[in-house]
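Before any comments, here is the structure.
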Amino acid sequence: FSFLQERLRCVLGLLLMLHSTDSFYVPGVAPINFHRNDPVEIKAVKLTSSRTQLPYEYYSLPFCQPSKITYKAENLGEVLRGDRIVNTPFQVSMNVEKKCEVLCNFPNKPVTLTVEQSKLIAERIREDYYVHLIADNLPVATRLEFYSNREEEEKKKEKDVQFEHGYRLGFMDGNKFYLHNHLSFILYYHREDVEESQEHTYRVVRFEVIPQSIKLEDLKADEKSMCTLPEATGSAPQEIDPTKENQLLFTYSVHWEESDIKWASRWDTYLTMSDVQIHWFSIINSVVVVFFLSGILSMIIIRTLRKDIANYNKEDDIEDTMEESGWKLVHGDVFRPPQYPMILSSLLGSGIQLFCMILIVIFVAMLGMLSPSSRGALMTTACFLFMFMGVFGGFFAGRLYRTLKGHRWKKGAFCTATLYPGVVFGICFVLNCFIWGKHSSGAVPFPTMVALLCMWFGISLPLVYLGYYFGFRKQPYDNPVRTNQIPRQIPEQRWYMNKFVGILMAGILPFGAMFIELFFIFSAIWENQFYYLFGFLFLVFIILVVSCSQISIVMVYFQLCAEDYRWWWRTFLVSGGSAFYVLIYAVFYFVNKLDIVEFIPSLLYFGYTALMVLSFWLLTGTIGFYAAYMFVRKIYAAVKID
Numbered sequence: 003f004s005f006l007q008e009r010l011r012c013v014l015g016l017l018l019m020l021h022s023t024d025s026f027y028v029p030g031v032a033p034i035n036f037h038r039n040d041p042v043e044i045k046a047v048k049l050t051s052s053r054t055q056l057p058y059e060y061y062s063l064p065f066c067q068p069s070k071i072t073y074k075a076e077n078l079g080e081v082l083r084g085d086r087i088v089n090t091p092f093q094v095s096m097n098v099e100k101k102c103e104v105l106c107n108f109p110n111k112p113v114t115l116t117v118e119q120s121k122l123i124a125e126r127i128r129e130d131y132y133v134h135l136i137a138d139n140l141p142v143a144t145r146l147e148f149y150s151n152r153e154e155e156e157k158k159k160e161k162d163v164q165f166e167h168g169y170r171l172g173f174m175d176g177n178k179f180y181l182h183n184h185l186s187f188i189l190y191y192h193r194e195d196v197e198e199s200q201e202h203t204y205r206v207v208r209f210e211v212i213p214q215s216i217k218l219e220d221l222k223a224d225e226k227s228m229c230t231l232p233e234a235t236g237s238a239p240q241e242i243d244p245t246k247e248n249q250l251l252f253t254y255s256v257h258w259e260e261s262d263i264k265w266a267s268r269w270d271t272y273l274t275m276s277d278v279q280i281h282w283f284s285i286i287n288s289v290v291v292v293f294f295l296s297g298i299l300s301m302i303i304i305r306t307l308r309k310d311i312a313n314y315n316k317e318d319d320i321e322d323t324m325e326e327s328g329w330k331l332v333h334g335d336v337f338r339p340p341q342y343p344m345i346l347s348s349l350l351g352s353g354i355q356l357f358c359m360i361l362i363v364i365f366v367a368m369l370g371m372l373s374p375s376s377r378g379a380l381m382t383t384a385c386f387l388f389m390f391m392g393v394f395g396g397f398f399a400g401r402l403y404r405t406l407k408g409h410r411w412k413k414g415a416f417c418t419a420t421l422y423p424g425v426v427f428g429i430c431f432v433l434n435c436f437i438w439g440k441h442s443s444g445a446v447p448f449p450t451m452v453a454l455l456c457m458w459f460g461i462s463l464p465l466v467y468l469g470y471y472f473g474f475r476k477q478p479y480d481n482p483v484r485t486n487q488i489p490r491q492i493p494e495q496r497w498y499m500n501k502f503v504g505i506l507m508a509g510i511l512p513f514g515a516m517f518i519e520l521f522f523i524f525s526a527i528w529e530n531q532f533y534y535l536f537g538f539l540f541l542v543f544i545i546l547v548v549s550c551s552q553i554s555i556v557m558v559y560f561q562l563c564a565e566d567y568r569w570w571w572r573t574f575l576v577s578g579g580s581a582f583y584v585l586i587y588a589v590f591y592f593v594n595k596l597d598i599v600e601f602i603p604s605l606l607y608f609g610y611t612a613l614m615v616l617s618f619w620l621l622t623g624t625i626g627f628y629a630a631y632m633f634v635r636k637i638y639a640a641v642k643i644d
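Residue numbering for the sequence shown follows my numbering, beginning at 3 and increasing consecutively.
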């Protein structure tokens, strides 16, 4: 359990830091101070491509290797993301320039790639792979400069700069493949203020690379492994011919620059987004639309309800023999337990578990404790929280099951603990087999899988049982009206009361409130971007909860007015209607935004999308169900019934 050891190390480090300094840093991300000539270790993380969605470890390609390869102990999140952090032979020292140096082998004996290796490199270049390195936990970025659509005079003055994560492995020109075999590292340091007698200390604040492809003959190298780069105009790129052996040299240069960027804001470069305005605009738009609609819906519902309740209570007073109509008619059946109460309560229990987990994760991330600099922390936290939230899921599921006249609480608890996690585990296991077949580092190793199973059956299952036991023993929800012995006949329903029409109508509002955010989340997952706007996400989550609750109340009100009392399952299904739109959006995103053509990447995309849609349906369905249940209990408590 390397991630547990890492956690303990972080906690001990934090205690030592707090003891020795006045400042406070989030665990695991305290700054490292370097003196001049101190080694700055360059590590490799993985190779990624948004075209194949399959990460590979760095040494899956024939790069230069150090004398001893050591992998960093990783937390659960890093393993699940496919990170395999490993040392590299790059020798970089703080504030020491290097013009050009050969990385491995001697100049008179270049690296020879076999036909197999050449084929593999050519294939990875064709699949558009990027290499990800880190220095002092800071990922490497490639600077992209372009002119924006400004006025002509301004064009000459300044360029817009954006950064691409990692660097391209190589490029294609026609049917020829070229490998980036020379890396120009540009590292930026911030000089820390120290007393005059002390030696200056430096902190790494940015890590850039300019990858170049330079032919073996153009790299003039001597016996000391030093080399001279050719003039930019006259050099030819290093071609990789997949049909024969290729000879080349891997070289690198190091350039240091002083920077005003403080260590605390060194991640800002990576997180700069050109569309923050779009974000604000979409959030304000969503807030206005949702609260405007909420206001209208609330007014209509409250006014109609007041009128209904006043009429029903007045009719009772004057003992009018007028025929009743509307939702009061079904008072004797509205709390009649539905079919399959155990499955319904189990799904709602999982929904509560998801709701608590997502709420806490977004809130903690919003406070800045799960920033991208703590690699894999978000996923690790989400996994552990889901396990521990089992106690709440079990409690709510148990209490609802008791209310629905259920008796077999042990079976119900087992169903709650295994139904949703079982589906997730099953889909992930099948997808994992395909990733294993491709020898990708994205495949979850067998020991990690066993550890996850142990967490599921050792932490989550007992906690769900514990919660279920107390929920089942607790007084069931108090329903304000008695249920009749004989079920009432349901009149024929209009076409628009159909379940599927309900799903389509109910899903629009919640989906409309969050679909811009969905675009950024999809980009983070499928295009290797950093997602960090958790403040926005928290706002969107609150809007989602409000809109789901309201739409669910409106739908259940219309259903009861149509004298259809089978609302339990229907509310759960209809409230999750926005998940259907998420699925459609995922298909649209796949067709329009991604370049995926092969079978296995497509299977991975739709497999993980299915999991997202299922989880989203459970989440929104649960929110809608509890809102509708509270509403139904309120309105039937307000009318006098004989």
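Glycine included, C-beta positions come from ideal geometry on N, C-alpha and C.
> Which residue from V576, Y498, A639 puts its Cα closest to that of I505?
Replying inline: Reading the sequence shown from its first residue, position 503 is the one you call residue 505. If we check each option's Cα against that of I505, V576 comes out closest.
> Where do the N-terminal and C-terminal ends of the alpha helix (DSSP H) with G392 fall, by residue?
Replying inline: Locating residue 392 in the sequence shown gives position 390, counting from the first residue. DSSP places G392 in the uninterrupted alpha helix (DSSP H) bounded by 392–405.
> In the DSSP assignment, what residue or residues form a beta bridge with K48?
Replying inline: Here residue 48 refers to the residue found at position 46 of the sequence shown. Bridge partners of K48: H134.
>> Is it buried or exposed, Q561, if we count other Cβ atoms within 10 angstroms and call 16 or more buried?
In response: Taking the sequence shown and counting its residues from 1, one reaches residue 561 at position 559. Label assigned to Q561: buried.
> Could you give the C-beta distance for R83 and M381, rounded to a whole number, given that I count them as a contact under 8 Å?
Replying inline: Working through the sequence shown from its first residue, we reach residue 83 at position 81. Working through the sequence shown from its first residue, we reach residue 381 at position 379. About 7 Å separates the two Cβ atoms, so the contact holds.
> Can you tell me where the alpha helix (DSSP H) with S267 in it begins and where it stops?
Replying inline: On the sequence shown, residue 267 is found 265 positions in, with the first residue counted as 1. No alpha helix (DSSP H) holds S267; DSSP gives it neither H nor E.
>> Taking the straight line between their C-alpha atoms, what separation do you get for G473 and F416?
In response: Here residue 473 corresponds to residue number 471 of the sequence shown, with the count starting at 1. Here residue 416 corresponds to residue number 414 of the sequence shown, with the count starting at 1. Rounded to whole angstroms, G473 to F416 spans 14 Å at the Cα level.
> Since C66 and F252 are thought to touch, with beta carbons under 8 Å apart, how far apart are those beta carbons, to the nearest angstrom?
Replying inline: The sequence position of residue 66 within the sequence shown is 64, counting from 1. The sequence position of residue 252 within the sequence shown is 250, counting from 1. So it is a contact: roughly 5 Å between Cβ atoms.
> Taking the C-alpha atoms as reference points, what is the distance between I123 and F582?
Replying inline: One-based indexing of the sequence shown puts residue 123 at position 121. One-based indexing of the sequence shown puts residue 582 at position 580. If I take the Cα positions, the gap works out to 40 Å.
>> My output table needs one value for S604: the three-state DSSP class, helix, strand or coil.
In response: Taking the sequence shown and counting its residues from 1, one reaches residue 604 at position 602. Correct three-state label for S604: helix.
>> Rounding to the nearest angstrom, what Cα-Cα distance links V460 and V584 in this structure?
In response: One-based indexing of the sequence shown puts residue 460 at position 458. One-based indexing of the sequence shown puts residue 584 at position 582. The sequence as given places Gly at residue 460; Val does not occur at that position. Rounded to whole angstroms, G460 to V584 spans 33 Å at the Cα level.
> If you compare alpha carbons, which of A46, E247, F36, Q55 is closest to S604?
Replying inline: Position 602 of the sequence shown holds residue 604. Ranking A46, E247, F36, Q55 by Cα distance to S604 puts Q55 first.
> Would G439 be called buried (16 or more neighbouring beta carbons within 10 Å of its own) or exposed?
Replying inline: Locating residue 439 in the sequence shown gives position 437, counting from the first residue. That one is exposed.
> According to DSSP, which residues form a beta bridge with V206?
Replying inline: Taking the sequence shown and counting its residues from 1, one reaches residue 206 at position 204. V206 is bridged by DSSP to Y191.
> Which value, in whole angstroms, describes the spacing of the CA atoms of H192 and V206?
Replying inline: Locating residue 192 in the sequence shown gives position 190, counting from the first residue. Locating residue 206 in the sequence shown gives position 204, counting from the first residue. Looking at the two C-alpha atoms, the distance is approximately 7 Å.
> If Y169 and H182 are in contact, beta carbons under 8 Å, what's the gap, nearest whole angstrom?
Replying inline: Locating residue 169 in the sequence shown gives position 167, counting from the first residue. Locating residue 182 in the sequence shown gives position 180, counting from the first residue. Yes, Y169 and H182 are in contact; Cβ-Cβ is about 7 Å, under 8 Å.
>> Below 8 Å, how does it come out for the region 430–448 and the region 616–632: are there three or more Cβ pairs, yes or no?
In response: no
> Shortest alpha-carbon distance to N39 belongs to which of Y479, M228, Y204, A75?
Replying inline: Your numbering for residue 39 matches position 37 in the sequence shown. Checked all of Y479, M228, Y204, A75; the closest Cα to N39 is Y204.
> Since V483 and I643 are thought to touch, with beta carbons under 8 Å apart, how far apart are those beta carbons, to the nearest angstrom?
Replying inline: For this step, residue 483 is matched to residue 481 along the sequence shown. For this step, residue 643 is matched to residue 641 along the sequence shown. Right, their Cβ atoms sit about 6 Å apart.
> Looking only at DSSP bridge pairs, what is Y422 linked to?
Replying inline: Reading the sequence shown from its first residue, position 420 is the one you call residue 422. In DSSP, Y422 forms no bridge with anything.
>> Along the chain, where does the alpha helix (DSSP H) containing E125 start, and where does it finish?
In response: Walking along the sequence shown from the start, residue 125 turns up at place 123. Note, E125: alpha helix (DSSP H), 117–128.
> Helix, strand or coil: how does DSSP classify R377 here?
Replying inline: Mapped onto the sequence shown, residue 377 falls at position 375. R377 falls in the coil class under three-state DSSP.
> Since V556 contacts Y314 with CB under 8 Å, what's their CB separation in whole angstroms?
Replying inline: Your numbering for residue 556 matches position 554 in the sequence shown. Your numbering for residue 314 matches position 312 in the sequence shown. The C-beta separation of V556 from Y314 comes to about 20 Å, leaving the pair out of contact by the 8 Å criterion.
>> Can you look up S186 in the DSSP assignment and give me helix, strand or coil?
In response: Locating residue 186 in the sequence shown gives position 184, where the first residue counts as 1. If DSSP states are grouped into helix, strand and coil, S186 belongs with the strands.
> Taking the C-alpha atoms as reference points, what is the distance between S580 and M96?
Replying inline: Position 578 of the sequence shown, counted from the start, is the residue given in the question as residue 580. Position 94 of the sequence shown, counted from the start, is the residue given in the question as residue 96. Computed Cα separation, rounded: 52 Å.
> Start and end of the alpha helix (DSSP H) containing F517?
Replying inline: Start at 1 with the first residue of the sequence shown, and residue 517 comes out as number 515. Per DSSP, F517 belongs to the alpha helix (DSSP H) from 501–528.
> Buried or exposed: where does R208 fall if 16 or more other Cβ atoms within 10 Å of its Cβ makes it buried?
Replying inline: Mapped onto the sequence shown, residue 208 falls at position 206. Answer is buried; the Cβ neighbour count reaches 16.
>> Which residue wins for smallest C-alpha separation from R86, given the options I586, F92, S62?
In response: What you label residue 86 is simply residue 84 of the sequence shown in a count that begins at 1. Its Cα nearest to that of R86, the residue S62 stands out among I586, F92, S62.
>> Rounded to whole angstroms, what is the Cα-Cα separation between D24 and A266?
In response: Within the sequence shown, numbered from 1, the residue matching residue 24 stands at position 22. Within the sequence shown, numbered from 1, the residue matching residue 266 stands at position 264. Because D24 carries a pLDDT of 31, less than 50, the predicted location of this residue cannot be relied on, and the following value inherits that uncertainty. Roughly 15 Å separates the two Cα atoms.
> If we ignore side chains and look at the alpha-carbon of each, how far apart do K226 and S69 end up?
Replying inline: Here the question's residue 226 lines up with position 224 in the sequence shown. Here the question's residue 69 lines up with position 67 in the sequence shown. Taking the straight line from one Cα to the other gives about 19 Å.
> Tell me which same chain residues have a C-beta within less than 6 Å of the C-beta of N481, skipping the five on either side of it?
Replying inline: By one-based count along the sequence shown, residue 481 stands at place 479. Closer than 6 Å at the Cβ level, and outside the excluded window around N481, lie F337.
>> Taking its Cβ as the centre, do 16 or more other Cβ atoms sit within 10 Å of K501, making it buried, or is it exposed?
In response: In the sequence shown, residue 501 corresponds to position 499, counting from 1. That one is exposed.
>> Quick test of your reading: E565 and I488, contact by CB under 8 Å. State the CB separation rounded to the nearest angstrom.
In response: As a first step, residue 565 must be located in the sequence shown, where it is residue number 563. As a first step, residue 488 must be located in the sequence shown, where it is residue number 486. A Cβ-Cβ distance of about 15 Å is found for the pair E565 and I488, leaving them out of contact under the 8 Å criterion.
> Nearest-angstrom Cα distance between W269 and S375?
Replying inline: In the sequence shown, the residue the question calls residue 269 occupies position 267. In the sequence shown, the residue the question calls residue 375 occupies position 373. Straight-line Cα distance between these residues: approximately 8 Å.
>> For T253, report the span of its beta strand (DSSP E) as first-last.
In response: Looking up residue 253 in the sequence shown gives position 251. Counting along the chain, the beta strand (DSSP E) containing T253 begins and ends at 253–260.
>> Does the region 43–55 come into contact with the region 347–360, if we say contact requires no fewer than three beta-carbon pairs (one atom in each stretch) closer than 8 Å?
In response: no
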